[in-house]
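Let me begin by presenting the structure, written as structure tokens, before commenting on it.
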Amino acid sequence: MQIAVPTILPLELFDQVQRRLAQNSPKVTAPRIVNGPTLLARLAVCASCGAGMTRTGTRRRGKVYSYYSCGGSHQKGKSVCRGRHVSMARLDELIVDNVKEHLFGGDRLAGILDALVERQGAKDQAVEGRRTALEAEIASSDDRLRRLYRGNRGGHCRPRRRTQATDPGAEAGKGSGAGRS
Ligand SMILES: [Zn+2]
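In numbering that gives the first Met the number 0, the protein residues as written are 0 to 180.
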């Protein structure tokens, strides 16, 4: 038996998420790369040989210094690549500052905020419109109710009483009842 279910996620996005999940699986990518503290793991590459940069560190006078170092030079030797080392703190800061500038810098942020304000304004207007329509509906219902009450008090139910009165059985019953009491 099959039951149709409405689509709540575009198929393309679903596939993208599935691919990312598969890629982040601990069997495919080491957890330290997915969850680790190294910001540019798997992203930064050596400018000389194109190999991925790996995290290295040194300790000097009790202080730890971390670097991104060429993985090619480290694994295959100096003949492949003389090796490059970049301070992790400095490169991370450079990248984060650039991303921040790109995402939230100047005009872009103003544009995002403008669009948000505009969307909120449109939403407010829609809500206001709906409220006005509902208030009009209430007023109209009140009016109809008031007219109905007024009609009842004015004796608009007479036709029904007249029917009862002309019913011989009802008239007789009423008469005999009144006589007995
Ligand atoms: Zn290299």
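All C-beta atoms, glycine included, are put in the ideal place defined by N, C-alpha and C. Quick caveat, the model's predicted, so the values are computed rather than measured.
Residue i versus residue j: straight-line alpha-carbon distance, rounded
i: Asp96; j: Lys26; result: 33 angstroms
i: Cys69; j: Asp106; result: 37 angstroms
i: Gln17; j: Asn23; result: 10 angstroms
i: Thr57; j: Gln119; result: 53 angstroms
i: Gly150; j: Arg143; result: 10 angstroms
i: Ala21; j: Arg41; result: 16 angstroms
i: Met52; j: Leu93; result: 16 angstroms
i: Ala138; j: Glu127; result: 16 angstroms
Closer than 8 angstroms: residue i CB and nearest ligand 1 heavy atom
i: Val79; result: yes
i: Gly35; result: no
i: Gly76; result: no
i: Ala3; result: no
i: Arg83; result: yes
i: Gly61; result: no
i: Ala43; result: no
i: Ala50; result: yes
i: Gly71; result: yes
i: Ser65; result: no
i: Ser24; result: no
Cut-off 8 angstroms between Cβ atoms - residues of its own chain near residue i, not counting five sequence neighbours on either side
i: Arg81; result: Ser47, Ser72
Reduced DSSP secondary structure (H/G/I, E/B, other) of residue i
i: Arg118; result: helix
i: Gly51; result: strand
i: Lys62; result: strand
i: Gly128; result: helix
i: Gly56; result: strand
i: Val85; result: strand
i: Val44; result: strand
i: Ser68; result: strand
i: Pro30; result: helix
i: Gly110; result: helix
i: Ser24; result: coil
i: Val16; result: helix
Own chain, CB closer than 7 angstroms to residue i, minus 5 neighbours either side, in chain order
i: Pro9; result: none
i: Ser12; result: One point to set straight first is that residue 12 is Leu, not Ser, in the sequence displayed. For Leu12, where only same-chain residues beyond five positions count, there are no Cβ hits under 7 angstroms.
CB of residue i within 9 angstroms of CB of residue j, strictly
i: Arg85; j: Tyr64; result: The question names Arg, but residue 85 is Val in the sequence shown. Against a cut-off of 9 angstroms, the Cβ pair of Tyr64 and Val85 comes out as no contact.
i: Arg54; j: Met87; result: yes
i: Ala125; j: Leu90; result: no
i: Gln15; j: Ala50; result: no
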